[in-house]
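Residue numbers (our numbering): 805 to 882. Idealized CB from N, CA, C, for every residue including glycine. Every value quoted in this text rests on a predicted model; they were computed, and no experiment measured them.
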């Protein structure tokens, strides 16, 4: 059981990293410092971005649940 959770944890972490990097810049960070903030504000929120947000949040929840599950297994394993 612990091995399965560890595998899911690693896969979720890699996928979450990829999906976070796929997000568009919202401005206000380093991208706006170099002129990228104006273009980011002109584009509206599309369904692709909303779905990307949902998948990212779902992967984050899976990642957190795997960490909690592994902690519980380690704590209560005899």
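Discussion item. Looking only at its chain, what residues have a beta carbon closer than 8 Å to the beta carbon of residue 874, apart from the 5 residues adjacent to it on each side?
Written reply: In the chain shown, the residue the question calls residue 874 occupies position 70. Residues of the same chain with a CB within less than 8 Å of the CB of residue 874, apart from the 5 flanking positions on each side, are 806, 809, 810, 813 in chain order.
Discussion item. Suppose you measure from the CA of residue 880 to the CA of residue 852; what does that come to, to the nearest Å?
Written reply: Counting from one through the chain shown, the residue named residue 880 turns up at place 76. Counting from one through the chain shown, the residue named residue 852 turns up at place 48. Approximately 42 Å between the Cα atoms of the pair.
Worksheet item: My guess is that residue 863 and residue 820 are in contact by the Cβ rule of under 8 Å, so how many angstroms apart are they, rounded?
Response: On the chain shown, residue 863 is found 59 positions in, with the first residue counted as 1. On the chain shown, residue 820 is found 16 positions in, with the first residue counted as 1. The Cβ separation is near 4 Å, so the contact holds.
Worksheet item: Tell me which same chain residues have a C-beta within less than 6 Å of the C-beta of residue 870, skipping the five on either side of it?
Response: Within the chain shown, residue 870 is the residue found at index 66, counting from 1. Taken in chain order, the residues that qualify are 809, 812, 813.
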